[in-house]
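Worksheet: the structure to be examined is printed underneath.
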Amino acid sequence: MRPICFLSDFGLADDFVGSCKGVIASIAPEAHVIDLTHDVPGFEIEAGAEILQHATRYMPPDTVYLAVVDPGVGTTRRGIALSTGSGALMVGPDNGLLLPAARFLGGVREAVVLDNPRYQMHPVSNTFHGRDIFSPAAAYLASGTGLSDLGSSVPPAELVNLDLPESGVEAPEDGFEARIISIDRFGNARLSVRQEQAGFGYGSLLGVDVGDGEMKVRYVNTFGAAKPGELVLVPDSHWRLSLSINQGNAAQALSLNSGDRVHLRLLERRNAGER
């Protein structure tokens with residue numbers, strides 16, 4: 007029995023997650039469901055894709071990934087399941103959500119459209135494919151049903167692609183421009199720049215402009231290296247630069263939103279290993 011890693015933007019205030027897990031339990035009662043997160047910001051496919059991609063390094067190799075961030079539910083967008091080069095399986099909407107993680111898992115080996123009604127809950131809701139199409143598919147795969155049983159084959163090259171931002175865009179004056187990928191529950195703004203791409207060490211001083219003029223921030227290795235209320239750059243748990251306020255909420259204080267551009271300009275470089 008394969009484990010199921012479940013990610014969604016459903017939240018926990020309603021019965022959505024519980025209904026999906028009930029469907030899984032009725033089909034594959036011995037399957038272990040790992041709730042990765044259900045607090046992906048609503049409809050933010052890119053944020054969900056980045057979280058899912060990062061999580062793959064911590065999951066068992068035979069995991070079935072059930073991912074639902076689905077603003078196109080009920081439209082012509084397809085529901086899909088796919089196998090990867092690593093042997094992991096994935097289920098979700100064909101909107102790019104699965105592809106970054108699939109590439110990290112060795113690429114898409116085989117893909118199907120979830121169009122076999124035998125492996126769905128009926129009646130199928132127009133607005134809740136997570137419960138009626140995706141959860142059953144994940145449960146059947148976890149219990150050993152073949153991928154091809156779930157529906158019609160589709161060439162992997164025809165799947166909707168999504169490329170996550172992996173670096174900042176170079177800008178004048180010894181700086182670069184980054185984009186906010188997502189904002190976590192603490193108000194930290196996670197940027198499209200990985201720690202190893204930054205090119206400067208802890209203690210470096212930068213000018214940060216989010217649209218209201220430049221502010222000076224220090225790049226620190228952890229929140230404890232900053233004073234309460236201090237605006238800093240810090241590497242987050244995904245090893246991306248994060249614009250944060252120690253014991254505060256940077257998104258609220260600076261009116262930041264996912265997708266915003268942030269200009270970073272190096273003012274004082276500190277190389278790695280320097281004190």
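Here our numbering is used: position 18 in the sequence shown is 24, and no number is missing along the way. Where is the CB? At the ideal position from N, CA and C, for every residue including glycine.
Residues bridged to residue i [DSSP beta-bridge criterion]
i: Phe12; result: Asp41, Leu72
i: Met127; result: The partner list for Met127 (beta bridge, DSSP) is empty, contrary to what the question assumes.
i: Glu274; result: Leu211
i: Val268; result: Ala184
Reference residue i; option with closest CA among the options
i: Asp45; options: Ile57, Val39, His38, Pro35; result: Ile57
i: Leu165; options: Glu183, Ala117, Arg8; result: Ala117
i: Ala148; options: Glu36, Asp15, Asn227, Phe16; result: Glu36
i: Val240; options: Tyr225, Ile40, Gly136; result: Tyr225
i: Ser264; options: Ile186, Gly112, Gln201, Thr81; result: Ile186
i: Asp190; options: Leu273, Gly254, His38, Ala19; result: Gly254
i: Asp218; options: Asp266, Gln203, Asp242; result: Asp266
i: Pro242; options: Phe192, Arg271, Val39, Gln258; result: Contrary to the premise, residue 242 reads as Asp rather than Pro in this sequence. Of Phe192, Arg271, Val39, Gln258, the residue nearest in Cα terms is Phe192.
i: Asp215; options: Phe16, Leu273, Val23; result: Leu273
i: Ile40; options: Ala19, Ala195, Tyr64, Phe12; result: Phe12
i: Phe229; options: Pro67, Asn252, Asp21, Ser188; result: Asn252
i: Thr133; options: Ala204, Gly152, Pro234, Thr82; result: Thr82
i: Met65; options: Asn227, Leu212, Glu52, Gly93; result: Gly93
i: Gly150; options: Asn122, Leu95, Pro129, Ala108; result: Leu95
i: Leu18; options: Asp68, Met7, Glu52, Thr43; result: Thr43
i: Ser188; options: Met7, Pro47, His38; result: Pro47
i: Asn122; options: Arg109, Ser159, Gly113; result: Ser159
i: Arg63; options: Glu52, Ala53, Ala108, Asp20; result: Ala108
i: Ile51; options: Ala61, His38, Ser14, Asp20; result: Ser14
i: Val223; options: Ala204, Gln203, Ser250; result: Ser250
Sequence-distant residues of the same chain with beta carbon closer than 8 Å to residue i, five excluded per side
i: Tyr146; result: Ile33, Ala34, Tyr125, Asp155, Leu156
i: Pro106; result: Ala55, Glu56, Leu58, Gln59, Leu168, Asp169, Leu170
i: Arg115; result: Leu88, Ser89, Thr90, Gly91, Pro162
i: Ser131; result: Arg137, Asp138
Residues near residue i by beta carbon distance below 6 Å, same chain, minus five either side
i: Arg84; result: Asp100, Val119
i: Cys26; result: Gly136, Arg137, Ser141
i: Phe22; result: Phe16
i: Asn277; result: Gly207
i: Leu49; result: It should be pointed out that residue 49 corresponds to Phe in this sequence rather than to Leu. Contacts found: Pro77.
i: Gly235; result: Gly254
i: Arg8; result: Asp68, Val70, Ala148
i: Ala61; result: Leu42
Own chain residues within Cβ distance below 7 Å of residue i, not counting five before or after
i: Ala177; result: Here the model assigns Ala177 a pLDDT of 48, short of 50, so the residue's position is not dependable and the matter cannot be decided.
i: Pro142; result: Val29, Ile33, Tyr125, Gln126, Met127
i: Ser275; result: Checking the displayed sequence, the identity of residue 275 turns out to be Arg instead of Ser. Excluding residues within five positions, the ones whose Cβ falls inside 7 Å are Phe206, Ser210.
i: His135; result: Asp76, Val79, Gly85
i: Trp245; result: Arg200, Gln201
i: Gly181; result: His269, Leu270, Arg271, Leu272
i: Ala144; result: Ile10, Ile30, Val70, Leu72, Val97
i: Gly24; result: none
i: Gln258; result: Gly193
i: Gly113; result: Thr90, Gly91
i: Leu212; result: Val223, Tyr225, Leu239, Leu270, Arg271, Leu272, Leu273
i: Leu262; result: Ile186, Ile189, Ala195, Val216, Ala256
Anticipated Cβ contact below 8 Å, residue i with residue j, distance rounded
i: Leu247; j: Val199; result: 5 Å
i: Met221; j: Leu237; result: 6 Å
i: Ala73; j: Leu111; result: Going by Cβ atoms, the distance from Ala73 to Leu111 rounds to 13 Å, so no, they are not a contact pair.
i: Asn194; j: Ala256; result: 6 Å
Residue i Cβ short of 8 Å to the ligand FMN heavy atom set
i: Leu88; result: With respect to small molecules bound, the structure shown includes none, and the ligand FMN cannot be examined in it.
* **beta strand (DSSP E) runs contained entirely in the segment 40 to 120, provided each spans 3 or more residues** => 70 to 74, 85 to 90, 95 to 99, 114 to 119
Self-check item: In chain order, each beta strand (DSSP E) run of at least 3 residues that lies wholly inside the segment 196 to 265
Solution: 211 to 215, 220 to 225, 237 to 241, 246 to 251
- Task: Note down, one range per segment and in chain order, each alpha helix (DSSP H) of at least 4 residues found wholly within the segment 140 to 195.
- Result: You should have 141 to 148.
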